[in-house]
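**Q** Every number in the numbering used here is 3 more than the matching position in the sequence shown, counting from 1.
Yeah, the Cβ is synthetic: ideal placement off N, Cα and C, and Gly gets one too.
Shown below is the structure under consideration.
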Amino acid sequence: MPHSSQSPGQNRVETIESLDGLHADLARRHKATSSGGASVDPAVVDADLAAVERDGYVILEGLLSPAQCEEIRAGVTPLLDQAGRNTFEGRRTQRVYSVLNKTRVCDQLVDHPRVLALLDRLFQPNYLLSQLQVININPGEDGQLLHPDDAIYPVPRPRPPLGAATVWSIDAFTEANGATVVLPGSHNWGQDRTPQDGDARAKAVMPPGSCVFFIGTLWHGGGANQSDHARLAVTAQYCEPWLRPQEAFPLSTTRDTVRTVSEDIRRMLGYSIHPPFLGMVDGMHPKRLLESSS
């Protein structure tokens with residue numbers, strides 16, 4: 004066998020360096036763009052993140068004006084034609100899927116800087132939009148089964164979150180009309196821990212134009228609507244860039260729509276390369292698909 008002048012330690016160093024090279028950004032023409040979350044005061048993000056780390060959620064009030072809420076209501080109300088198909092969706096709850104391909108009015112929620120700033124701290128760059136829905140809980144709806152969103156990924160707990168969600172109040176969220184129920188601290192529970200009757204619970208009571216942001220390991224659920232009026236909301240969910248999103252956005256969102264949305268949303272739809280080459284199309288950056296007319 005030929006004699007090698009390299010020591011085992013040197014070989015190990017070279018191997019590690021070559022593996023590190025796999026995580027380099029190989030995109031050339033289409034570089035990653037900075038997140039809109041960079042515009043938020045770091046002190047504000049620090050406070051929001053501290054609440055999320057402590058409780059698993061934070062309520063961000065007054066992010067939208069009354070005019071913005073009315074714009075969203077006018078844009079999504081004509082789309083509310085599908086009732087829930089099971090008790091989890093809610094038999095008296097209307098949901099709209101493939102929202103991005105139907106209206107632009109919810110874009111401002113998906114890429115809100117305050118939300119992106121938290122996501123920038125929690126996840127790897129190029130995190131993805133996992134789901135976007137309009138949810139209208141009508142009177143008489145029961146409380147939703149409590150659940151953690153990222154239980155869909157079979158990774159044992161306790162662990163860091165693999166996703167996060169926002170639920171935006173287009174109508175005020177009240178004690179009576181189905182405000183989201185959260186279990187503070189449940190994001191730290193282990194694999195076999197489930198909600199019990201004595202566990203502390205809170206409701207995300209908040210005025211219109213606000214959102215409750217929570218990580219995917221937090222136990223939560225839609226509240227029962229015991230009022231006489233519907234409760235309109237929009238939820239946007241996100242996940243790490245190496246996971247499969249809940250919605251297959253490349254199939255449900257046309258290229259014309261992708262050309263129209265913001266760069267932040269475009270990146271979160273998967274028109275990005277997560278180093279070294281996750282998300283490529285025919286060996287190239289997916290943004291090249293937007294350069295053709297088809």
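Return the chain-ordered list of same chain residues with a C-beta closer than 7 Å to the C-beta of LEU246, the five sequence neighbours on each side being excluded.
**A** Taking the sequence shown and counting its residues from 1, one reaches residue 246 at position 243. TYR156 and LEU165.
**Q** Between VAL102 and VAL137, which are expected to be in contact by the criterion C-beta below 8 Å, what is the C-beta distance as a whole number of angstroms?
**A** In the sequence shown, counting from the first residue as 1, residue 102 sits at position 99. In the sequence shown, counting from the first residue as 1, residue 137 sits at position 134. About 6 Å separates the two Cβ atoms, so the contact holds.
**Q** Do PHE280 and ARG234 count as a contact pair if the criterion is CB distance below 8 Å?
**A** By 1-based counting over the sequence shown, the position of residue 234 is 231. By 1-based counting over the sequence shown, the position of residue 280 is 277. Taking 8 Å as the Cβ cut-off, ARG234 and PHE280 do not qualify as a contacting pair.
**Q** Count the other CB atoms within 10 Å of the CB of GLU178; is the residue buried (16 or more) or exposed (fewer)?
**A** On the sequence shown, position 175 is the one that residue 178 refers to. Counting Cβ neighbours within 10 Å, GLU178 comes out exposed, since fewer than 16 surround it.
**Q** In three-state DSSP terms, what is SER133?
**A** The residue given as residue 133 occupies position 130 in the sequence shown. Residue state, collapsed to three classes: strand.
**Q** Flag this pair as yes or no: are the beta carbons of CYS242 and LEU131 separated by less than 8 Å?
**A** Here residue 242 is taken as the residue at index 239 of the sequence shown, counted from 1. Here residue 131 is taken as the residue at index 128 of the sequence shown, counted from 1. Cβ distance < 8 Å, so CYS242 and LEU131 count as in contact.
**Q** Between the alpha carbons of ALA86 and VAL99, how many angstroms are there, rounded?
**A** Counting from one through the sequence shown, the residue named residue 86 turns up at place 83. Counting from one through the sequence shown, the residue named residue 99 turns up at place 96. Straight-line measurement puts the Cα of VAL99 at about 9 Å from the Cα of ALA86.
**Q** Determine the direct distance from the alpha carbon of PRO244 to that of TYR274, and round the result to whole angstroms.
**A** Here residue 274 refers to the residue found at position 271 of the sequence shown. Here residue 244 refers to the residue found at position 241 of the sequence shown. About 11 Å.
**Q** Using beta-carbon positions only, say whether ILE218 and GLY59 come within less than 8 Å of one another.
**A** Counted from its first residue, the sequence shown places residue 218 at position 215. Counted from its first residue, the sequence shown places residue 59 at position 56. Yes; because the gap between Cβ atoms is below 8 Å, this pair is in contact.
**Q** Run the CB neighbour count on GLN240, radius 10 Å, all protein chains shown included, and call it buried at 16 or more, exposed below.
**A** For the purposes of this step, residue 240 is taken as residue 237 along the sequence shown, with counting starting at 1. Burial call: buried.
**Q** Which of the three DSSP states is assigned to MET271 in this structure?
**A** Position 268 of the sequence shown, counting from 1, holds the residue named residue 271. In the displayed model, MET271 falls within a helix according to three-state DSSP.
**Q** What does the alpha-carbon distance come out to for the pair GLY39 and VAL48?
**A** The count along the sequence shown starts at 1 and reaches residue 39 at position 36. The count along the sequence shown starts at 1 and reaches residue 48 at position 45. Each residue's alpha carbon lies about 13 Å from the other.
**Q** Which one of ASP153, ALA207, PRO210 and GLN229 has the shortest CA to CA distance from GLN194?
**A** Mapped onto the sequence shown, residue 194 falls at position 191. Of the candidates ASP153, ALA207, PRO210 and GLN229, the one whose C-alpha sits nearest the C-alpha of GLN194 is ASP153.
**Q** Return the residue from the list ASN129, HIS150 and ARG95 that minimises the CA-CA distance to ASN139.
**A** The residue given as residue 139 occupies position 136 in the sequence shown. The candidate whose alpha carbon is nearest that of ASN139 is ARG95.
**Q** For the putative contact between LEU272 and VAL261, defined by C-beta atoms under 8 Å, what is the C-beta separation to the nearest angstrom?
**A** Numbered from 1 along the sequence shown, position 269 holds the residue referred to as residue 272. Numbered from 1 along the sequence shown, position 258 holds the residue referred to as residue 261. Between LEU272 and VAL261, the beta carbon gap of about 6 Å places them in contact (Cβ cut-off 8 Å).
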